[in-house]
Every structure is written in structure tokens, then in C-alpha cells.
Amino acid sequence: MSDEADSLKDKSATDGGTDGVAERGETPLYQEIVRTLLEEIDAGAYAVGDRLPTEQELCSRFAVSRHTVREALRRLQEMGYILRRQGSGSVLAARRADGRFVNSISSLDELVQYATSTRLEILSVDRIIVEEELAGRLGCRPETQWFRVSALRRTRETSEPFSYVEVYIDAAFSDVVRNLEVVQYAIYTVLEQRYGVRIAEVMQDIEAAPASLNVASRLHVPPQSPILVITRRYFTDDGRLVEIAVNTHPGAGFRYTMALQRR
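If you want it as C-alpha cells, here you go:
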């Protein structure tokens, strides 16, 4: 059976899930696989460097699709337990999680997955006029109006936030900010669906900075401690800047991973 057919089979079994992965009762199938494998790792079934069962073996064992197995392995990789290499399978890298959230994004499609696999807690929504200093940091024109959404992002498995987020949305798109609490997808996809715009390019900046008092209080870190700031600017196909997302992470609690392929 093809991966596409596997995926459709899982989705047809999903009952209200937001991860696009089938569920039994209230627990997504991939979480059952993660829990079982973690129990086996803790019990010593695998030593560091051992290969885990193949995707096909896990599909047969848990009676799930390859789509679900890949999601479970992705979560284990994010937690620092395994390393995955194409053609080599999954290898146990550690008996304990490294405590860092791993963000590996190389396409707009993966940004959607990133949004649906985490939880966003909205703290405030304000309509502001961007003054010159802030405009310089955001890369937008001064004296323009934006909605500023302040939020905390968490993984679905932990309560501690791994990111403090400020999202700036062009004030022309006021409908987008009304129901952000229930949005389970990347905000740019909501812009596309509701307004018919198309995001053609995302510019990303990554920089280290000291934590301000505000950010430190949000992330429970000391003021002036190292943080990682990832700023993404979303442009439509006609070059219009419609969204700016500033994601701030504790320096010791986040790892950003990218795969670069030579063509």
C-alpha cells in the first residue's frame, strides 16, 4: 500500500484529532507507539547505538500505517532519543531525553506541521501603530498598523513553554485575530484560506540576544540570559509583507536543525 493510501487510512480513522494521525479513544496512535518504545528503552531493551525496528516492523507490530509510525519516530527524534538517517533506519542516541525542543523546518509545509504539533496559548491581542524603532527591528514600514499577538508555545507533552511568540498581522486582516485560540494551523494558512492571498516567500533571521525582563518572565529564565530569536517575515506573491512572527527561545532549551541538500 502506498504512503498516500496509508495516510488516508489513518485520517479516516481520526475522530476529531488535530495532528492528522489516527486515534484510539482519546490517545493519538503515534503517542501509544512513543510511550511503548520509551518504556522499552527505559527497561534496557535497546543499548545506545542499537537500531530500532524498521518502519515496516513497527507498522506490523502496532497495526498502524507508515504515516503514524513516522510521526512517532519524529517525536522521539525531537526528544533527543534517536537519530534517523535515510536508508539507515533509526538508531538509539540516548537513554534519556536531552530536554531540548528540536525544530527542523525546511519548507512552508513543515511550518504547518510545526504549528499543529505544538500548543499556542494566547496572552494578548493589541492593535498598534508601529513606531520607527520597532519597524526597524521588524523590517516593516513605520507608522503602519498591525495586530500584535503575544503568546506562549508549548509541546503537547510538556507544560513549560519553549517559546515566547509575538506575531504581527497586517491590520487589513482583522478577521484572522478573532478566533486564534481555536486555530490549529499556522497563521499564514488562515490568511490564505480567508483572504485568498498566497504566501510565496518567507524570510528568516536567526540571532542570539540577551533576554529582556518581559521575555525572561515569560520563559522563566534569568534576565539578560542568552536567548535565540527567530524572526520570520511572510510575503505574498506580489511582494506584500502580511505577517511577521518573532519566536524567542531559551538559549539552553532549544536546538534548531536544518537539512541542506546539494543540487
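Going by the numbering used here, the letters in the sequence shown line up with residues 142 to 404, in that order. Where a beta carbon is used, it is the ideal one built from N, C-alpha and C, also for glycine.
**OP:** Answer with buried or exposed for Arg381, where buried requires no fewer than 16 other C-beta atoms within 10 angstroms of its C-beta.
**Re:** exposed
Original post:
Secondary structure at Ala163, three-state DSSP: helix, strand or coil?
Top reply: Any reading at Ala163 must be qualified, since the residue scores a pLDDT of 48, below 50, and its modelled position is unreliable; the value itself is stated next. In this structure, Ala163 counts as coil in the three-state DSSP scheme.
Subject >> the segment 170-180 in contact with the segment 212-232 per 3-pair CB rule at 8 Å >> reply: yes
Original post:
If you count every other CB in all the chains shown that lies within 10 Å of the CB of Pro169, and 16 or more means buried, which is it?
Top reply: buried
**OP:** Please name the residue in Leu321, Val338, Gln365 whose C-alpha comes closest to that of Ala349.
**Re:** Gln365
Original post:
By Cβ distance, which residues of its chain are closer than 6 Å to Thr372, with the 5 residues on each side in sequence left out?
Top reply: Asp346, Val387
Original post:
If you draw a straight line from the alpha carbon of Asp316 to that of Leu279, how long is it in whole angstroms?
Top reply: 22 Å
Original post:
Excluding five sequence neighbours on each side, which residues of the same chain lie with their C-beta closer than 6 Å to the C-beta of Thr259?
Top reply: Arg294, Thr296
Original post:
Val210 by DSSP, collapsed to three states: which one?
Top reply: helix
Original post:
Which residue spans inside the segment 269-355 form an unbroken alpha helix (DSSP H) run of at least 4?
Top reply: 273-279, 328-336
Original post:
So the beta strand (DSSP E) Leu389 belongs to, where does it begin and stop?
Top reply: Note on identity: in this sequence residue 389 is Thr, with Leu being the wrong assignment. Counting along the chain, the beta strand (DSSP E) containing Thr389 begins and ends at 382-391.
**OP:** Report the option in Gly230, Val331, Tyr309 whose CA atom is closest to the CA atom of Val271.
**Re:** Tyr309
**OP:** Kindly indicate which three-state DSSP category Arg215 falls into: helix, strand or coil?
**Re:** helix
Subject >> Endpoints, the alpha helix (DSSP H) within which Ser366 is located >> reply: Careful: Ser366 lies outside any alpha helix (DSSP H) and carries neither H nor E.
**OP:** May I ask you to report which of helix, strand or coil DSSP gives Tyr375?
**Re:** strand
**OP:** Please check the pair Pro302 and Arg216, which I expect to be a contact at CB under 8 Å, by giving their CB distance rounded to whole angstroms.
**Re:** In fact, because the Cβ distance is near 18 Å, the residues do not count as touching under 8 Å.
Original post:
Just checking my contact of Cys384 with Tyr336 at CB under 8 Å: how many whole Å lie between their CB atoms?
Top reply: At residue 384 the sequence reads Glu, which differs from the Cys that was named. 11 Å between Cβ atoms; not a contact.
Original post:
How is Asp267 classed by DSSP in three states: helix, strand or coil?
Top reply: strand
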